[in-house]
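> Numbered per this note's numbering, the sequence shown spans residues 4 to 296.
For every residue, glycine included, the Cβ atom is placed at its ideal position computed from N, Cα and C.
Note that the coordinates shown come from a computational prediction; the quantities given were computed from them, not determined experimentally.
Take this structure, written in structure tokens, and hold onto it; I'll ask about it next.
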Amino acid sequence: MRSLLASILLTLAGPLAAAELKVATLHPLITDLAKQVGGERVEIIDLIGRNGDPHHFEPSPEDLQRAADAPLYLASGMGMESYLDSLREILGNKAEIVEVGKDLPSIEGKCDHEGHDHGDHEHAVDPHWWHSIDLFRRATTITADALAKADPPGAETYKRNATAYRAKLDELERWTRKEIARIPRDKRHLATAHAAFGYFCKDHGFEPIPVQGVNREQMPDPKKLAALIAELKEHQVGAIFPEKESNPKILQALTKDTGIQLGEALIADGSTAESYEAMIRHNVSAIVAGLAK
Ligand SMILES: [Zn+2]
Numbered sequence: 004m005r006s007l008l009a010s011i012l013l014t015l016a017g018p019l020a021a022a023e024l025k026v027a028t029l030h031p032l033i034t035d036l037a038k039q040v041g042g043e044r045v046e047i048i049d050l051i052g053r054n055g056d057p058h059h060f061e062p063s064p065e066d067l068q069r070a071a072d073a074p075l076y077l078a079s080g081m082g083m084e085s086y087l088d089s090l091r092e093i094l095g096n097k098a099e100i101v102e103v104g105k106d107l108p109s110i111e112g113k114c115d116h117e118g119h120d121h122g123d124h125e126h127a128v129d130p131h132w133w134h135s136i137d138l139f140r141r142a143t144t145i146t147a148d149a150l151a152k153a154d155p156p157g158a159e160t161y162k163r164n165a166t167a168y169r170a171k172l173d174e175l176e177r178w179t180r181k182e183i184a185r186i187p188r189d190k191r192h193l194a195t196a197h198a199a200f201g202y203f204c205k206d207h208g209f210e211p212i213p214v215q216g217v218n219r220e221q222m223p224d225p226k227k228l229a230a231l232i233a234e235l236k237e238h239q240v241g242a243i244f245p246e247k248e249s250n251p252k253i254l255q256a257l258t259k260d261t262g263i264q265l266g267e268a269l270i271a272d273g274s275t276a277e278s279y280e281a282m283i284r285h286n287v288s289a290i291v292a293g294l295a296k
């Protein structure tokens, strides 16, 4: 009787005792990546949440309380989380912050300010690196290394999980290339709301035509708008894509002015996506539906 009870208690205790490491995450796609690589061994404290906007999120004192015993924070990096210096100061030596994208090869962000000062010029680099599957694959290894450093006995597990996830990304990349191949080279102009798809464009030979800047605040002035309309018409762009996160009025105005159709909303910053893979599949399908004809 006693041993039966003991084994029931052990079973009940099983899942609770499973997590060896607590990790706080600051970007929705990094939350998914940490889950993929951490598996059962890691408890994710998802501070930003699935619908969080990484351009504007900043952890509150309550968030930090929730993550109080996490020795590791994962951010996407490349300037996306502009509050990291102050967060580092608050955390002191209680926790380490790893910017997963920090050492990935970056591309320059399109900054449309032309002299006037907006005070948000930290985006000299385009921080939306996750739209390159190749970079997300490299980020998988970086994440496994970060987890292993925080939890050395788990190193083998993280390595194994990372290998399995990279194989999934290989498959996703093959599917993406096959789908994109349906869009003729001269149709590869990607007109979007904010400048989030530079890495995707670079990987697949598209010319990005963002209406807003790297942050959504930057709207084109009348001169820029006229140039934008001319560019869209010149290239006979097939569709203009809003975002699930933002569908500014200016896009509807543009479609009206140019007669170009509004495409299906893309996922730019990872918010609202069920997973990284789901985001890529959704975006690629939407882009192919809008441009492959
Ligand atoms: Zn963005």
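1. Is Pro64 helix, strand or coil when you go by DSSP?
2. Cα separation between Asp56 and Ser274?
3. Once you ignore the five residues that flank Arg44 on each side, which residues in its own chain have a CB closer than 6 Å to its CB?
4. Going by C-alpha distance, which of Ala27, Leu32, Val26, Lys25 is nearest Ala281?
5. Quick one: using the 10 Å Cβ neighbour count with 16 as the cut-off for buried, is Leu294 buried or exposed?
6. Among the residues of its own chain, which have a CB less than 6 Å from the CB of Phe209, if the five just before and after it don't count?
7. Do you know how far the Cα of Asn164 is from the Cα of Gly42?
8. Are the region 232 to 246 and the region 137 to 147 touching by the rule of at least three beta carbon pairs closer than 8 Å?
9. Let me know if Asp88 comes out buried or exposed under the rule of 16 or more other beta-carbons within 10 Å of its beta-carbon.
10. Report all residues from its chain with a CB closer than 6 Å to the CB of Ala183; omit the five preceding and five following residues, and keep chain order.
11. Are Asn1 and His30 close, meaning C-beta to C-beta below 9 Å?
12. Verify whether the separation of the beta carbon atoms of Ala73 and Ala147 is less than 9 Å.
13. Using the rule of at least 16 other Cβ atoms within 10 Å of the residue's Cβ for burial, across every protein chain shown, is Leu86 buried or exposed?
14. If you measure from the CB of Ala268, is any heavy atom of ligand 1 nearer than 8 Å?
15. Just to confirm the assignment: which complete beta strand (DSSP E) runs, minimum length 3, are found wholly within the region 193 to 279?
With the given structure in hand:
1. Counting from 1 along the sequence shown, the entry for residue 64 is found at position 61. Reduced to three states, the DSSP call for Pro64 is helix.
2. For the purposes of this step, residue 56 is taken as the residue at position 53 of the sequence shown. For the purposes of this step, residue 274 is taken as the residue at position 271 of the sequence shown. Whole-angstrom Cα-Cα distance: 6 Å.
3. Stepping through the sequence shown from its first residue, residue 44 is reached at position 41. If we look at Arg44 and ignore the five residues flanking it on each side, its Cβ neighbours are Glu23, Gly157, Thr160.
4. As a working mapping, residue 281 is identified with position 278 in the sequence shown. If we check each option's Cα against that of Ala281, Leu32 comes out closest.
5. Position 291 of the sequence shown, counting from 1, holds the residue named residue 294. So Leu294 counts as buried.
6. The sequence position of residue 209 within the sequence shown is 206, counting from 1. Closer than 6 Å at the Cβ level, and outside the excluded window around Phe209, lie Arg191, Leu193.
7. The count along the sequence shown starts at 1 and reaches residue 42 at position 39. The count along the sequence shown starts at 1 and reaches residue 164 at position 161. Each residue's alpha carbon lies about 7 Å from the other.
8. no
9. The count along the sequence shown starts at 1 and reaches residue 88 at position 85. Exposed is the call here.
10. Locating residue 183 in the sequence shown gives position 180, where the first residue counts as 1. Strictly speaking, residue 183 in this sequence is Ile, with Ala absent from that position. Excluding residues within five positions, the ones whose Cβ falls inside 6 Å are His207.
11. Absent from the structure is residue 1, since the part of the chain shown begins at 4 and ends at 296.
12. Working through the sequence shown from its first residue, we reach residue 73 at position 70. Working through the sequence shown from its first residue, we reach residue 147 at position 144. No. Outside cutoff.
13. In the sequence shown, counting from the first residue as 1, residue 86 sits at position 83. First, the amino acid is wrong: residue 86 is Tyr here, not Leu. Exposed, because fewer than 16 other Cβ atoms sit within 10 Å of the Cβ of Tyr86.
14. For this step, residue 268 is matched to residue 265 along the sequence shown. Result no, Cβ not under 8 Å from ligand 1.
15. 210 to 213, 242 to 244
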